[in-house]
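Student: UniProt numbering puts the sequence shown at residues 1 to 296.
Yeah, the Cβ is synthetic: ideal placement off N, Cα and C, and Gly gets one too.
Keep in mind that this is a model prediction, so the values were computed, not measured.
Quick one: this structure, given as structure tokens, is what I'll be asking you about.
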Amino acid sequence: MKSFNGRVAAITGAASGMGRALAMALAREGCHLALADKNSQGLEQTLALIKASTLAPVLITTQVLDVSDRRAMEDWAARCVAEHGRVNLVFNNAGVALSSTVEGVDYADLEWIVGINFWGVVHGTKAFLPYLKASGEGHVVNTSSVFGLFAQPGMSGYNATKFAVRGFTESLRQELDMQRCGVSATCVHPGGIRTDICRSSRIDANMTGFLIHSEQQARADFEKLFITDPDQAAKVILHGVRKNKRRVLIGRDAYFLDLLARCLPAAYQALVVFASQRMAPKPRTPVLETNDEPRL
Numbered sequence: 001m002k003s004f005n006g007r008v009a010a011i012t013g014a015a016s017g018m019g020r021a022l023a024m025a026l027a028r029e030g031c032h033l034a035l036a037d038k039n040s041q042g043l044e045q046t047l048a049l050i051k052a053s054t055l056a057p058v059l060i061t062t063q064v065l066d067v068s069d070r071r072a073m074e075d076w077a078a079r080c081v082a083e084h085g086r087v088n089l090v091f092n093n094a095g096v097a098l099s100s101t102v103e104g105v106d107y108a109d110l111e112w113i114v115g116i117n118f119w120g121v122v123h124g125t126k127a128f129l130p131y132l133k134a135s136g137e138g139h140v141v142n143t144s145s146v147f148g149l150f151a152q153p154g155m156s157g158y159n160a161t162k163f164a165v166r167g168f169t170e171s172l173r174q175e176l177d178m179q180r181c182g183v184s185a186t187c188v189h190p191g192g193i194r195t196d197i198c199r200s201s202r203i204d205a206n207m208t209g210f211l212i213h214s215e216q217q218a219r220a221d222f223e224k225l226f227i228t229d230p231d232q233a234a235k236v237i238l239h240g241v242r243k244n245k246r247r248v249l250i251g252r253d254a255y256f257l258d259l260l261a262r263c264l265p266a267a268y269q270a271l272v273v274f275a276s277q278r279m280a281p282k283p284r285t286p287v288l289e290t291n292d293e294p295r296l
């Protein structure tokens, strides 16, 4: 797909961050949009921004939904085709983060992150794939993470979902290549992108004293790692679609960590442990009190 003009793209997580940046970039190229997010206010803001900055006459529809709800995703996909006539691209971009130890993580939190980060991608892919094939020219773009290539302590749930998205999408791409149906797939691995994921993330209390000093400081430190602008990320993703790339890395941090995992596929874990221990809160040395009087 060399041009997006006149095409129809469905985007989840469109209320902010990369989803919003993708929507605005595609609209500028004359692509019609079906936008979805759980955040209705953010969706309205995205719509207003597109209308204020886009001269191209594009049709934009919005839908408030939870990507973890399979039936809602299926209904939305059918509605997109009914409203737009067809769908050519789906960007399964919605995602959340969770920080916790494996031992201490609550099952409800695991189900929450798996439902959004993994099942949301599965639901979006399966709901839209028949329509993409029917269009004659389609592309599935699934957002994993650099942490779908590289693991770290305290993020087992996040790592698990992003590794799962990677495996799911790579298998999908191979099947589509074999079918030669006019549809392809790309897996996106962003590094630190300036999005709202930090605000929507969950940080378990078991992380305090283990890997972080406090939740507030952890969120502040997390945001310092966001070094890439969402608009630049969207530009890289769309370039990857045009080039029909199997994998898209975004940010110098993503390239560095990918290289580290390639060169040291097992040994990198020891380096992560060493770095994490250096950065973790240090236990305070107890002050010994004594009531001994000085002897004459």
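1) Looking only at DSSP bridge pairs, what is Cys-187 linked to?
2) Does the Cβ of Asn-88 have 16 or more other Cβ atoms within 10 Å, making it buried, or fewer, making it exposed?
3) Determine, using beta-carbon pairs with one atom in the stretch 46-53 and one in the stretch 131-145, whether at least three such pairs fall under 8 Å.
4) Determine the DSSP secondary structure at Arg-202, reduced to helix, strand or coil.
5) Where does Gln-63 sit, in a helix, a strand or coil, going by DSSP?
6) Buried or exposed: where does Thr-285 fall if 16 or more other Cβ atoms within 10 Å of its Cβ makes it buried?
7) How about Val-97 and Ser-16: do their beta carbons lie closer than 7 Å?
8) Can you say whether Leu-296 is buried or exposed, counting buried as having 16 or more other CB atoms within 10 angstroms of its CB?
9) Quick check: the Cα distance between Asp-106 and Arg-28, rounded to an integer number of angstroms?
10) Helix, strand or coil: which one does DSSP assign to Ala-25?
11) If we ignore side chains and look at the alpha-carbon of each, how far apart do Thr-228 and Ser-144 end up?
12) Apart from the five residues on each side of it in sequence, which residues of its chain come closer than 7 Å, Cβ to Cβ, to Val-121?
13) Would you decide whether Phe-274 is buried or exposed? Buried here means 16 or more other CB atoms lie within 10 Å of its CB.
Tutor: Let me spell this out:
1) Its beta-bridge partners are Asn-142, Arg-247.
2) Residue environment analysis places Asn-88 among the buried positions, since at least 16 neighbouring C-beta atoms fall within 10 angstroms of its C-beta.
3) Touching, no, given that fewer than three Cβ pairs across the two stretches are closer than 8 Å.
4) Arg-202 sits in a strand when the DSSP states are folded into three classes.
5) The answer is strand: DSSP assigns Gln-63 an E or B state.
6) The predicted position of Thr-285 is uncertain, since its pLDDT is 45 and thus under 50; no value can be drawn from it.
7) At residue 97 the sequence reads Ala, which differs from the Val that was named. No, Cβ-Cβ distance for Ala-97 and Ser-16 is not below 7 Å.
8) Bear in mind that a pLDDT of 39 at Leu-296, under 50, signals an unreliable position, so the model cannot answer this.
9) C-alpha separation (whole angstroms): 43 Å.
10) Residue state, collapsed to three classes: helix.
11) If you take the alpha carbons of Thr-228 and Ser-144, they lie about 16 Å apart.
12) Excluding positions up to five away in sequence, the list reads Asn-92, Asn-142, Val-165, Phe-168.
13) So Phe-274 counts as exposed.
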